[in-house]
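**Student:** A single structure is presented below for examination.
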Amino acid sequence: MERLILNPPPGVTLMRKAYGEALVELGHTREDVVVLSADVQSSDFSCMFEAAFPERFINVGIAEPALVDVAVGLANGGKVPIANTFGFLFATRALEMVRTHLAFSGANVKLAAAYAGLSDSFDGPTHQTIADLAILRSLPNMTVVVPADARAVGMLLPQVAAWNGPVYFRLCRNELPDIFGEDYQPEIGKAVMLMPGQDATIIACGVMVGIALEAARRLAQEGIHARVVEIHTIKPLDTEMVVHCARETGALVTAEEHSIVGGLGGAVAECLGESYPVPLERVGVRDTFTESGPYEDLLRKYGLSSDAIVDATRRAMARKPSAAPIEVQSMCG
């Protein structure tokens, strides 16, 4: 159940470039893969697949509902379509087609959601993707996967293509720290133990995984040993790992580049409420609309920081039944 990943390599990699390269590699290994775009191929680097396999690339134009419907038709014809647009558009403009034509039928379509979270920095608040995990994971038949770095994209994309049924694959626009080494072998539906610890567990996905590791290192300097777990599959959630960590550490923190409502934090809260209630603190966007600005500044402004995770870990630990009572400010959204 546990896999410990040690000695992550240094450096940063542009996630969308890693995605484009992974698409091309997938195209070489699977002739049934076709790629569709709502005219964003230059933004999300699916243009790399277009250049390598022009006969298997379709640009439907700026018509996101049509993007989903064409993909469903191709899936019904035996292809494995990977449909590309910005994440907020799958969760809003194309949602009726995602729900009714894709999820309801269980069509074998993969939704590659570019510029997710706050990474669509300068296109205005309507383009920030902060409710998509809540919306997409609520749809029956939908699997939701959130890679944390370039290596994770390359390792998980072939599994997404091989997965039977609809998948929402959430991608960041920006450069991200390289977290994982060559021993990283993720499996859809299985959480990954990144750092041991017995005092609390920090569960993170996507961009927040690297930030969670930073927070755990800071806590270790204070003598607090926080376990760090990556949950790259929001649905189906690895409930066995969540309960295992709750039993062993007695306090949990979730960290996600998403609203605290309905995403990773919501999924973990549901699991704990049904199986093993322990104190839980959620780090994410605090139930508010966000705005435009430099990406790193937005992360800090909306509390997606190692400071926020450190504080949340202290609060969760203070709420353990055996903890000495201290006054803590409620952060419920």
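The sequence shown finishes on residue 442 if you use this note's numbering, and the numbering steps up by one all the way, no holes. The C-beta atom is built at its ideal place from N, Cα and C for all residues, glycine as well. Model, not experiment: these values are computed from the prediction.
#1: Within its chain, find whatever has a CB closer than 8 Å to the CB of C380; leave out the 5 residues flanking it on each side and keep chain order.
#2: Quick one: which unbroken alpha helix (DSSP H) runs of 4-plus residues sit fully inside the stretch 312–378? Chain order, please.
#3: Can you name the start and end residues of the alpha helix (DSSP H) that R423 belongs to?
#4: Is the beta carbon of D141 sitting closer than 9 Å to the one on V189?
#5: Taking the straight line between their C-alpha atoms, what separation do you get for T122 and G215?
#6: Could you tell me the boundaries of the alpha helix (DSSP H) in which K126 lies?
#7: Could you tell me the boundaries of the alpha helix (DSSP H) in which M264 lies?
#8: What do you get for H341, buried or exposed, if any count of 16 or more other CB atoms within 10 angstroms of its CB means buried?
#9: Can you give me the C-alpha to C-alpha distance between V276 and V269, rounded to a whole angstrom?
#10: Between L408, A425, L220, which lies nearest to Q237 when the distance is taken from Cα to Cα?
#11: Would you call the CB atoms of I239 and S415 closer than 9 Å?
#12: Rounded C-beta distance between R260 and D287? I'm assuming under 8 Å.
#13: Secondary structure at F398, three-state DSSP: helix, strand or coil?
#14: Whose CA, out of A427, Y224, L248, V394, lies closest to the CA of C281?
#15: With DSSP as the reference, please indicate the residues paired to E296 in a beta bridge.
#16: Just mark G382 as buried or exposed, buried being the case when its beta carbon has 16 or more other beta carbons within 10 Å.
#17: Use the C-beta contact count for R139: other C-beta atoms within 10 angstroms, 16 or more gives buried, fewer gives exposed.
#18: Beta carbon of L361, beta carbon of V392: below 9 Å?
#19: What does the Cβ neighbour count give for F213, buried or exposed, with the cut at 16 atoms within 10 Å?
#20: Could you check which residue in A131, A421, E390, Y404 has the C-alpha nearest to that of P256?
#21: Where do the N-terminal and C-terminal ends of the alpha helix (DSSP H) with A160 fall, by residue?
#22: From A324 to G182, what distance separates their C-alpha atoms?
#23: Taking the continuous alpha helix (DSSP H) assigned at K410, which residues delimit it?
#24: Which same chain residues end up closer than 6 Å to G315 when comparing Cβ atoms and leaving out the 5 residues on each side of it in sequence?
#25: Measuring CB to CB, does E304 end up less than 9 Å from L322?
#26: Determine which residues share a DSSP beta bridge with F199 and list them.
#27: Is A180 closer than 9 Å to V262 when the C-beta atoms are compared?
#28: Give a yes or no on whether the C-beta atoms belonging to P267 and L135 are separated by under 9 Å.
#29: I need the straight-line Cα distance from S247 to I297, nearest angstrom please.
#30: Going straight from the alpha carbon of G196 to that of A221, what length do you get?
#31: Exposed or buried, which one is G359 when buried takes at least 16 other CB atoms within 10 Å?
#32: Grab the span of the beta strand (DSSP E) containing S146 for me, first residue to last.
#33: What residue ranges within the stretch 223–257 form continuous beta strand (DSSP E) runs of no fewer than 3 residues, ordered along the chain?
#34: Would you mind reading off the limits of the beta strand (DSSP E) that contains L285?
**Tutor:** According to the structure shown:
#1: The residue labelled residue 380 in the question sits at position 271 within the sequence shown. L346, T348, V351, V352, listed in sequence order.
#2: 317–330, 348–358
#3: Here residue 423 refers to the residue found at position 314 when the sequence shown is read from its first residue. Residues 415–427.
#4: For the purposes of this step, residue 141 is taken as the residue at position 32 of the sequence shown. For the purposes of this step, residue 189 is taken as the residue at position 80 of the sequence shown. Against a cut-off of 9 Å, the Cβ pair of V189 and D141 comes out as a contact.
#5: Position 13 of the sequence shown, counted from the start, is the residue given in the question as residue 122. Position 106 of the sequence shown, counted from the start, is the residue given in the question as residue 215. Approximately 34 Å, taken between the alpha carbons.
#6: Residue 126 sits at position 17 when you count from the first residue of the sequence shown. Run containing K126: 124–138, per the alpha helix (DSSP H) assignment.
#7: Start at 1 with the first residue of the sequence shown, and residue 264 comes out as number 155. It spans 259–271 - the alpha helix (DSSP H) in which M264 sits, taken as one unbroken run.
#8: Numbered from its first residue, the sequence shown carries residue 341 at position 232. Result: buried.
#9: By one-based count along the sequence shown, residue 276 stands at place 167. By one-based count along the sequence shown, residue 269 stands at place 160. Roughly 7 Å separates the two Cα atoms.
#10: Stepping through the sequence shown from its first residue, residue 237 is reached at position 128. For Q237, the nearest C-alpha among the options comes from L408.
#11: Here residue 239 corresponds to residue number 130 of the sequence shown, with the count starting at 1. Here residue 415 corresponds to residue number 306 of the sequence shown, with the count starting at 1. No; because the gap between Cβ atoms is not below 9 Å, this pair is not in contact.
#12: In the sequence shown, residue 260 corresponds to position 151, counting from 1. In the sequence shown, residue 287 corresponds to position 178, counting from 1. Confirmed, Cβ separation roughly 7 Å.
#13: Working through the sequence shown from its first residue, we reach residue 398 at position 289. Residue state, collapsed to three classes: coil.
#14: Reading the sequence shown from its first residue, position 172 is the one you call residue 281. That would be Y224, whose Cα lies nearest to the Cα of C281.
#15: One-based indexing of the sequence shown puts residue 296 at position 187. Bridge partners of E296: K299.
#16: Start at 1 with the first residue of the sequence shown, and residue 382 comes out as number 273. Counting Cβ neighbours within 10 Å, G382 comes out exposed, since fewer than 16 surround it.
#17: For the purposes of this step, residue 139 is taken as residue 30 along the sequence shown, with counting starting at 1. Result: exposed.
#18: Counting from one through the sequence shown, the residue named residue 361 turns up at place 252. Counting from one through the sequence shown, the residue named residue 392 turns up at place 283. No, the Cβ-Cβ distance between L361 and V392 is not below 9 Å.
#19: Residue mapping note: residue 213 aligns to position 104 of the sequence shown, counting from 1. Result: exposed.
#20: By one-based count along the sequence shown, residue 256 stands at place 147. Comparing Cα-Cα distances from P256 to each of A131, A421, E390, Y404, the minimum goes to A131.
#21: As a position in the sequence shown, residue 160 is number 51, starting the count at 1. Note, A160: alpha helix (DSSP H), 156–161.
#22: Taking the first residue of the sequence shown as position 1, residue 324 is located at position 215. Taking the first residue of the sequence shown as position 1, residue 182 is located at position 73. Straight-line Cα distance between these residues: approximately 45 Å.
#23: Walking along the sequence shown from the start, residue 410 turns up at place 301. Its alpha helix (DSSP H) spans residues 404–410.
#24: Along the sequence shown, read from residue 1 onward, the residue named residue 315 stands at position 206. Once the five neighbours on either side are set aside, the close Cβ partners of G315 are V255, A257, E366.
#25: Taking the sequence shown and counting its residues from 1, one reaches residue 304 at position 195. Taking the sequence shown and counting its residues from 1, one reaches residue 322 at position 213. One detail in the question is off: residue 304 reads as Met in this sequence, not Glu. Against a cut-off of 9 Å, the Cβ pair of L322 and M304 comes out as a contact.
#26: As a position in the sequence shown, residue 199 is number 90, starting the count at 1. DSSP, once it has assigned bridges, lists no residue as partnering F199.
#27: Taking the first residue of the sequence shown as position 1, residue 262 is located at position 153. Taking the first residue of the sequence shown as position 1, residue 180 is located at position 71. Contact: no.
#28: Taking the first residue of the sequence shown as 1, we reach residue 267 at position 158. Taking the first residue of the sequence shown as 1, we reach residue 135 at position 26. Cβ distance < 9 Å, so P267 and L135 count as in contact.
#29: Reading the sequence shown from its first residue, position 138 is the one you call residue 247. Reading the sequence shown from its first residue, position 188 is the one you call residue 297. Rounded to the nearest angstrom, the two C-alpha atoms are 18 Å apart.
#30: Working through the sequence shown from its first residue, we reach residue 196 at position 87. Working through the sequence shown from its first residue, we reach residue 221 at position 112. Roughly 8 Å separates the two Cα atoms.
#31: Numbered from 1 along the sequence shown, position 250 holds the residue referred to as residue 359. Classification of G359: buried, given that the 10 Å Cβ count is 16 or more.
#32: Position 37 of the sequence shown, counted from the first residue, corresponds to residue 146. 142–146 is the extent of the beta strand (DSSP E) around S146.
#33: 252–254
#34: The sequence position of residue 285 within the sequence shown is 176, counting from 1. Run containing L285: 284–286, per the beta strand (DSSP E) assignment.
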